[in-house]
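Residue numbers (the UniProt record's numbering), protein chains in the order written: chain H, 1 to 107; chain V, 1 to 107.
One structure below.
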DNA sequence: ATTTTATATTGCAATATTACGATAAAGCAA
DNA sequence: TTGCTTTATCGTAATATTGCAATATAAAAT
């Protein structure tokens, strides 16, 4: 046992959970915030800014990439990670939709 | 190693991560959605609705309770869980604030 | 008082995540 | 080429999460 039973849940619920999972680590929240406020980003900056080892940062970046939140291009010699703005807004909308449904006539 | 280094992150980042963690499982997303759309909720309903064993549902409910999203009162013979609306709106605001900061002049 | 019903807790096995040292790969500079 | 810098991957240990059977608790019904 131990594996999440994703198959019994709806795609919508699974997707929101997957998005939330990426945000469920303070390092990734910090990374996202940092990148979203920069014009560009070089991974090595993050090692200093966040305070985790370079392989760890690389792994966290990969998790963020998996849900499509980053687009990367080369800028001179360094890889440049940026927020994928379209996707960012999709996620914002997903959370907004989720939080907007609440019944006010409760105990 | 393996433990998250929460101490190196800001309270804001840790809190958002903690909230996201609760939403990072489809069962909890489904539970929250279900409760938020009901006037009341009896845990045993959830066992049928969600499709996980009763102890598992109980544990998930506990995670949700930990971040203050539920208030429970007794209604007749059954415990009634409801969404804590104030807290719900706080979380909505937290996500909204997070997603609202993005630099548009990127690569 | 006993049974039934609803929820919580315990204990444990399976799986997932986190972190980092070591190492590899890829580009640039000399 | 050789060396330097930056990022990715591998391997592994520590920790956390998930799920459920078994059991406990607590309130209501009989």
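From the three backbone atoms N, C-alpha and C, an ideal C-beta is built for every residue, glycine too.
From a predicted model like this one, the values you see are computed outputs, not experimental measurements.
Beta-ladder partner(s) of residue i, from DSSP
i            : result
residue 70/H : 83/H
Opening and closing residue of the alpha helix (DSSP H) in which residue i lies
i            : result
residue 38/V : Here residue 38/V belongs to no alpha helix (DSSP H), and DSSP marks it neither H nor E.
residue 6/H  : Segment: none, residue 6/H is in no alpha helix (DSSP H) and carries neither H nor E.
Minimum Cβ-Cβ distance from residue i to chain V less than 7 Å
i             : result
residue 59/H  : no
residue 87/H  : no
residue 93/H  : no
residue 55/H  : no
residue 62/H  : no
residue 101/H : yes
residue 97/H  : no
C-beta neighbour in chain H for residue i, strict 7 Å
i            : result
residue 16/V : yes
residue 67/V : no
residue 42/V : no
residue 20/V : yes
residue 13/V : yes
residue 29/V : yes
residue 25/V : yes
Exposure of residue i, with buried meaning 16 or more beta-carbon neighbours within 10 Å
i             : result
residue 20/V  : buried
residue 114/H : The structure shown does not extend to residue 114/H, since chain H is modelled only from 1 through 107, so no value can be given for it.
residue 26/V  : buried
residue 24/V  : buried
residue 30/V  : buried
residue 84/H  : buried
Heavy atom of the ligand MG within 6 Å of residue i beta-carbon
i            : result
residue 47/V : Looking at this structure, you won't find the ligand MG or any other ligand, since it has none at all.
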